[in-house]
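Undergrad: Following this message is one structure expressed as structure tokens.
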Amino acid sequence: MQANWTPESWKTKSASQAVAYPDPAHLQAVLRQIASLPPLVTSWEVEDLKGRLASAASGTAFLLQGGDCAESFDDCSSGNIADKLKILLQMSVILVHGTRKPVIRVGRIAGQYAKPRSAPIERRGDVELPSYRGDLVNRQAFTLEDRTPNPDLLLRGYERAALTLNFVRALAEHGFADLRHPENWDISFSAKSHRAEEYQALVESIRDSITFVEAVIGNEFAQLEKVEFFTSHEALSLEYESAQTRQVPRREGWYNLSTHLPWIGMRTAELDGAHVEYCRGIRNPVGIKVGPTMDTAWLLGLLERINPDNEPGRITLIHRMGAAQVEEKLPPMLEAVERAGAEVLWTSDPMHGNTETTADGIKTRRFDNIVRELELSFDLHRRVGTILGGVHLEMTGENVTECVGGSTGLAEADLHRDYRSRVDPRLNYEQALEVAMLIAGRLRRAARV
Ligand code: PEP
Ligand code: CO
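For the sequence shown, the working numbering begins at 443 and goes up steadily by one.
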């Protein structure tokens with residue numbers, strides 16, 4: 443147990459991105475209600491994930507974490523949820539093949555409803571209103587009523603998360619067994635790639651492995667086992683998080699039971715800030731985004747504060763330096779953490795350091811920069827002697843047009859066609875599968891040398 447900590451001790455610290463609710467009594471009433479409702483996840487699932495993350499840190503498993511930048515309440519539909527799970531599952535099959543290791547699947551799902559914003563106010567013409575902060579806080583329409591923070595949305599968020607998770611659990615139980623077979627995937631895009639042969643060979647090889655195993659065990663092995671799946675979101679709204687922070691029978695300490703893996707975003711990672719204070723006291727594994735503005739003293743300070751006992755599996759460091767800066771910024775971080783003997787799982791988020799705005803004012807990311815940051819990250823870890831044990835992606839199971847590039851050659855002019863993200867641009871179904879194929883190909887080649 444961390445000293446001098448309670449689920450509400452964060453209130454004594456300053457919180458970046460704090461929300462000013464106009465009616466504190468209304469907020470308290472909603473939080474009491476959330477606190478009295480059942481948890482979304484259980485402490486044994488949380489501990490199970492922590493153990494798996496420790497394996498990824500030591501190189502015997504690989505973490506695939508991905509999903510929307512911001513989930514919206516309106517997207518809580520069966521098709522959407524199934525598509526998100528489907529792409530993560532298909533990517534994980536490809537990564538199992540590439541890494542020859544168990545792949546831990548973690549969605550940015552069932553709670554990724556709050557967003558940090560660089561500007562608290564949005565101006566349109568002469569009108570100034572609070573920025574949209576995610577469906578957990580306010581609504582997107584540009585009116586004073588919609589943009590005023592509303593505590594009822596915290597309860598709506600909890601309910602949407604519960605509905606999402608209920609369906610995820612049902613699908614994971616049995617409904618997705620056939621997706622382990624690549625003949626059920628849509629990989630027509632790969633024919634257009636200059637790597638078409640490599641992709642085809644990969645898919646053939648996955649198919650052969652499955653056929654071989656099924657012949658040996660005399661069964662459709664895909665149907666024997668349920669799909670393990672975990673949830674994560676940025677622990678941004680400390681009101682929402684602390685209302686779901688509980689003690690459970692026969693275990694020590696406090697658990698955030700709104701999600702398995704909460705993470706601290708770059709904008710709220712101050713050493714002495716409220717988000718770090720909250721996260722230091724919970725028993726969950728905790729993710730920390732590591733960006734180019736962070737230095738080694740800051741990072742080591744975070745590890746000391748959040749994981750003073752150096753518990754394996756507790757910390758996942760998600761670096762997001764950008765393709766242009768990763769070679770300069772990442773190695774000192776890897777070396778400092780290594781020298782300190784800190785137990786961490788390193789993962790790469792190749793999305794958030796590679797966001798740009800087109801001449802038309804559209805936020806996008808280039809597939810080539812995303813892949814470049816990933817490849818450089820694998821190289822840099824190998825050079826320093828540390829392990830890159832996972833990836834963190836913003837992606838969706840649908841064929842949206844938000845990031846440019848990839849085998850289908852999505853161009854800037856295509857971005858208008860189907861741009862749906864409310865905040866950051868995501869890889870679409872084909873781009874996400876292609877990233878998985880590139881990582882798998884690289885890891886297979888590395889294993890052979
Ligand atoms: C995010 O993951 O959506 C995000 C805002 O990331 P970061 O904190 O790394 O900017
Ligand atoms: Co984002």
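Every residue, glycine too, gets a C-beta built ideally from N, C-alpha and C.
1. Residues in its own chain within less than 8 Å of residue 702 by CB, not counting five upstream and five downstream?
2. Are the stretch 812 to 824 and the stretch 761 to 776 touching, with three or more C-beta to C-beta distances below 8 Å?
3. For ligand 2, which residues have a Cβ under 7 Å from at least one heavy atom, in chain order?
4. Counting along the chain, where does the beta strand (DSSP E) carrying residue 705 start and finish?
5. Which residues does DSSP list as the beta-bridge partners of residue 846?
6. Tell me, please, which residues DSSP counts as bridged to residue 550.
7. Buried or exposed, going by whether 16 or more other CB atoms sit within 10 Å of the CB of residue 700?
8. Check residue 668 in the structure and name its three-state DSSP category.
9. In terms of residues, what are the limits of the beta strand (DSSP E) holding residue 788?
10. Terminal residues of the continuous alpha helix (DSSP H) containing residue 653?
11. Going straight from the alpha carbon of residue 595 to that of residue 471, what length do you get?
12. Whose C-beta lies closer than 7 Å to the C-beta of residue 586 among residues of the same chain, with five residues either side of it excluded?
13. Counting along the chain, where does the alpha helix (DSSP H) carrying residue 538 start and finish?
14. Can you give the beta carbon distance from residue 850 to residue 634, rounded, assuming they're within the 8 Å contact cut?
15. Per DSSP, what kind of secondary structure is residue 626 in: helix, strand or coil?
16. Can you grab the Cα-Cα spacing for the pair residue 832 / residue 795, in whole Å?
17. Using only the alpha-carbon positions, how far apart do residue 881 and residue 754 sit?
18. Would you list the residues sitting across from residue 837 in a DSSP beta bridge?
19. Hey, is residue 508 close to ligand 1, as in C-beta under 7 Å from one of its heavy atoms?
20. Where does residue 426 land, buried or exposed, given buried means 16+ other C-beta within 10 angstroms?
21. Let's see if you can read the secondary structure: which residues bound the alpha helix (DSSP H) around residue 492?
22. Looking at the unbroken alpha helix (DSSP H) that takes in residue 468, where does it start and where does it end?
23. Assuming residue 677 and residue 705 form a contact by the criterion Cβ under 8 Å, report the distance between their Cβ atoms to the nearest whole angstrom.
24. Could you please give the first and the last residue of the uninterrupted beta strand (DSSP E) stretch that includes residue 434?
25. Could you check what DSSP says for residue 774 in three-state terms: helix, strand or coil?
26. Could you give the distance in angstroms between the alpha-carbon of residue 713 and the alpha-carbon of residue 865?
27. I'd like the list of long-range same chain contacts for residue 461, defined as Cβ closer than 8 Å, with 5 residues on each side in sequence excluded.
28. What does DSSP give as the partner residues of residue 799 in its beta bridges?
29. Please go through the same chain and pick out, in chain order, the residues whose beta-carbon is closer than 7 Å to the beta-carbon of residue 690, but skip the five residues on each side of it.
30. With three or more beta-carbon pairs closer than 8 Å as the criterion, would you say the stretch 633 to 649 touches the stretch 541 to 555?
31. How big is the Cα-Cα spacing for residue 524 and residue 613?
32. Buried or exposed: where does residue 867 fall if 16 or more other Cβ atoms within 10 Å of its Cβ makes it buried?
TA: Quick look at the numbers:
1. Answer for residue 702: 483, 487, 488, 491, 548, 672, 673, 674, 726 and 727, listed in chain order.
2. Yes: the two stretches touch, three or more of their Cβ pairs being nearer than 8 Å.
3. Every residue with a CB closer than 7 Å to a heavy atom of ligand 2 is listed here in chain order: 511, 793, 794, 836, 865 and 866.
4. Start and end: 703 to 706.
5. 808
6. 509 and 674
7. buried
8. coil
9. Per DSSP, residue 788 belongs to the beta strand (DSSP E) from 787 to 790.
10. 638 to 659
11. Our two residues, residue 595 and residue 471, have alpha carbons roughly 13 Å apart in a direct line.
12. 571
13. 520 to 541
14. 6 Å
15. helix
16. Near 17 Å, if we compare the C-alpha coordinates of residue 795 and residue 832.
17. Roughly 25 Å between the two C-alpha positions.
18. 869
19. no
20. This structure cannot speak to residue 426, because the chain is shown only from 443 to 891.
21. 485 to 499 is the span of the alpha helix (DSSP H), which, as asked, contains residue 492.
22. 466 to 478
23. 7 Å
24. Residue 434 is absent from the model: the chain starts at 443 and stops at 891.
25. helix
26. 26 Å
27. Once the five neighbours on either side are set aside, the close Cβ partners of residue 461 are 575, 579, 591, 679 and 681.
28. 805
29. If we look at residue 690 and ignore the five residues flanking it on each side, its Cβ neighbours are 485 and 697.
30. no
31. 8 Å
32. Per the 10 Å Cβ criterion, buried.
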